[in-house]
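**Student:**
Protein chains in written order, with my numbering: chain A, 1 to 218; chain B, 1001 to 1227.
1) For residue 1055/B, I'd like the list of residues in its chain whose CB is within less than 7 Å of its CB, leaving aside the five on either flank, ordered along the chain.
2) When the distance is taken between beta carbons, is residue 184/A closer than 8 Å to residue 19/A?
3) Let me know the secondary structure DSSP gives residue 29/A once reduced to three states.
4) Hey, how far is the Cα of residue 1143/B from the Cα of residue 1040/B?
5) Go through the region 85-163 of chain A residue by residue and report every complete run of the alpha helix (DSSP H) that reaches 4 residues or more, in order.
6) Hey, quick one: how far does the alpha helix (DSSP H) through residue 1032/B stretch, first residue to last?
7) Are the C-beta of residue 105/A and some C-beta of chain B separated by less than 8 Å?
8) Closer than 8 Å, Cβ to any Cβ of chain B: which residues of the region 141-161 of chain A, in chain order?
9) Taking only beta-carbon positions, decide if residue 1148/B is within less than 8 Å of chain A.
10) Which class does residue 1050/B belong to by DSSP, given the choice of helix, strand or coil?
11) Where does the unbroken alpha helix (DSSP H) through residue 1217/B begin, and where does it stop?
12) Mind checking the region 114-138 of chain A against chain B and listing, in chain order, the residues whose C-beta falls within less than 7 Å of any C-beta there?
13) Tell me whether residue 1080/B is buried or exposed, calling it buried when 16 or more other Cβ atoms sit within 10 Å of its Cβ.
14) Taking the beta carbon of residue 213/A as the centre, do at least 16 other beta carbons fall within 10 Å, making it buried, or is it exposed?
15) On the three-state DSSP scale, how would you describe residue 16/A?
16) Between the region 1153-1169 of chain B and chain A, which residues of the former have a C-beta closer than 9 Å to a C-beta of the latter?
17) Looking at chain B, is there any beta carbon in it that lies within less than 8 Å of the beta carbon of residue 64/A?
18) Which residue marks the beginning of the alpha helix (DSSP H) containing residue 1093/B, and which one marks its end?
19) Can you give me the C-alpha to C-alpha distance between residue 40/A and residue 182/A, rounded to a whole angstrom?
20) According to DSSP, is residue 68/A part of a helix, a strand, or is it coil?
21) Would the region 1188-1206 of chain B and the region 108-125 of chain A be scored as touching if the rule is three or more Cβ pairs under 8 Å?
22) Less than 8 Å separating the beta-carbons of residue 1199/B and residue 1182/B?
23) Determine the burial state of residue 73/A: buried for a count of at least 16 other Cβ atoms within 10 Å of its Cβ, exposed for fewer.
24) Tell me whether residue 201/A sits in a helix, a strand or coil according to DSSP, three-state version.
25) Quick one: give me the first and last residue of the alpha helix (DSSP H) that residue 1155/B is part of.
26) Any C-beta of chain A within less than 9 Å: which residues of the region 1061-1079 of chain B qualify?
27) Measure the C-alpha to C-alpha separation of residue 1019/B and residue 133/A and round it to an integer number of angstroms.
28) Of the residues that make up the region 1173-1188 of chain B, which ones have a beta carbon closer than 7 Å to any beta carbon in chain A?
29) Examine chain A for any beta-carbon lying closer than 8 Å to the beta-carbon of residue 1214/B, and answer yes or no.
30) Any idea if residue 200/A is buried or exposed, counting beta-carbon neighbours within 10 angstroms, 16 or more meaning buried?
31) Mind checking residue 1005/B: buried by the 16 CB within 10 Å criterion, or exposed?
32) Mapping the DSSP letters down to three states, classify residue 1128/B as helix, strand or coil.
33) In chain A, which residues lie less than 8 Å from residue 1209/B when you measure between Cβ atoms?
34) Just to confirm, is the Cβ distance from residue 1166/B to residue 1152/B under 8 Å?
35) Could you give the residue range of the alpha helix (DSSP H) that holds residue 1186/B?
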């Protein structure tokens, strides 16, 4: 990862610098107009929200059963990114909803389940922060249970209410929009990878510093 | 397997014996649940009549709140008397201890529900006797789902700082499917014409939830409780 880190940063910079142009040049949606452009960063963020939740859950499971400290650091980095990307989703979603549905928030299936998933990971970070010593395990269980919970939240909320555009909307995009959309997905995915690596590296180094302190004290 | 069940039974009996002597958790939890229902009554009763559909929600919120209280107290007792380590040192399977604790919590919550259901029926005109078996099934499956996750988290939180705050913070987001399914399923049978297919759907979801989360808890209890 260290070897390809700098090239990835460069690629990400180029992608994000040109993203406004690509999004601006994509055709304007007929019924919703300009506000549809939110789609280009709302959906990639939502995709990464789910990917990151699974990364965190799986890393936590590895940590719990294999006792690998490195996996715990990956889980922490992914957990923080769930909250970050979730925040993007939860801020851009209502802006779009205001225009499309006329209200800021609707108790629709996908909105509610994203909110709940986001809350589970906020709780995850809270445990890590306020749980005191030994809270990594507790947080690990929280992430694992949170991941297992995704289908239940989805089904229960889905039967409770549904209003959000179906996932199939991605496949039926107009050709001009499709290119811009996948461009944004790629840019966000690379950004995610970079942030994850950076955060994990920071944790690695913190762990190393702590070990050195302990060694000095002895 | 026989040994496993025996250990679970002994742990449950120990908890219930301690509880029977003081009745601390039962009395406080039942009283707390009743106060919850009263608070809702003041919020949701207009001109002497409860809002329609409110009773199912009130019932489940009271169960969730009272359940959190009971979960916190059962493990607080272990911490206070420093007996959790002794329990963990017992020469038996760790999951058996989990099951024993879970059974103890379930018995406590069943007592609370036995008080809550008639109370909601009386105060909110809920037809609790319209489909008694469906109601019992929904309550049993929902309580098991709530308590299975709750017992695991409460056990782990014993050693954590600020555990009183963290238990609901962890428990509620995870058990939202239980609350949704419980409330919607109960609302379906509390309707003027009970909607049985709907109740069946939600009960099935609850059973799935129970299976997945009891399995996960049994699976993770051992690594989580090892220091």
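All residues carry an ideal CB built from backbone N, CA and C; glycine is no exception.
**Tutor:** The answer reads as follows:
1) Around residue 1055/B: 1120, 1124, 1126, 1190.
2) In this structure, residue 184/A lies closer than 8 Å to residue 19/A by Cβ.
3) Residue 29/A: strand per DSSP, three-state reduction.
4) Pairing residue 1143/B with residue 1040/B, the inter-Cα distance amounts to about 21 Å.
5) The region 85-163 of chain A contains these whole alpha helix (DSSP H) runs: 109-130, 135-160.
6) Per DSSP, residue 1032/B belongs to the alpha helix (DSSP H) from 1024-1044.
7) Residue 105/A does not count as touching chain B.
8) Here the close residues are 141, 142, 144, 145, 146, 148, 149, 152, 153, 155, 156, 157, 159, 160.
9) So, not an interface residue.
10) In the three-state scheme derived from DSSP, where H, G and I count as helix and E and B as strand, residue 1050/B is classed as strand.
11) Segment 1196-1225, the alpha helix (DSSP H) holding residue 1217/B.
12) So the close ones are 116, 119, 120, 123, 126, 127, 130, 131, 132, 134, 135, 137, 138.
13) Classified as exposed, residue 1080/B has fewer than 16 neighbouring CB atoms from the shown chains inside 10 Å of its CB.
14) The Cβ neighbour count for residue 213/A, taken over all protein chains shown within 10 Å, is under 16; the residue is labelled exposed.
15) Annotated three-state conformation of residue 16/A is helix, per DSSP.
16) Answer set for the region 1153-1169 of chain B: 1153, 1156, 1157, 1159, 1160, 1161, 1162, 1163, 1165, 1166, 1169.
17) Using beta-carbon distances, residue 64/A counts as an interface residue toward chain B, with a partner under 8 Å.
18) Residue 1093/B -> no alpha helix (DSSP H), and no H or E assigned at all.
19) Between residue 40/A and residue 182/A, the alpha-carbon positions lie close to 9 Å from each other.
20) In the structure shown, residue 68/A sits in coil (DSSP, three-state: anything other than H, G, I, E or B).
21) The region 1188-1206 of chain B, when compared against the region 108-125 of chain A, does not touch it at the 8 Å Cβ threshold.
22) Going by C-beta atoms, residue 1199/B is not nearer than 8 Å to residue 1182/B.
23) It is buried - the Cβ of residue 73/A has at least 16 other Cβ atoms within 10 Å.
24) Note: residue 201/A maps to helix in three-state DSSP.
25) From DSSP, the alpha helix (DSSP H) with residue 1155/B extends over 1132-1157.
26) Going along the region 1061-1079 of chain B in chain order, one finds no residue with a Cβ nearer than 9 Å to chain A.
27) Straight across, the Cα-Cα distance linking residue 1019/B with residue 133/A is about 30 Å.
28) From the region 1173-1188 of chain B, only 1173, 1174, 1176, 1177, 1180, 1181, 1184 have a Cβ closer than 7 Å to chain A.
29) Closer than 8 Å: no.
30) Residue 200/A comes out buried.
31) Answer is exposed; the Cβ neighbour count stays below 16.
32) In the structure shown, residue 1128/B sits in coil (DSSP, three-state: anything other than H, G, I, E or B).
33) Within 8 Å Cβ-Cβ: 152.
34) Not in contact: residue 1166/B and residue 1152/B (Cβ atoms no closer than 8 Å).
35) 1163-1190 is the extent of the alpha helix (DSSP H) around residue 1186/B.
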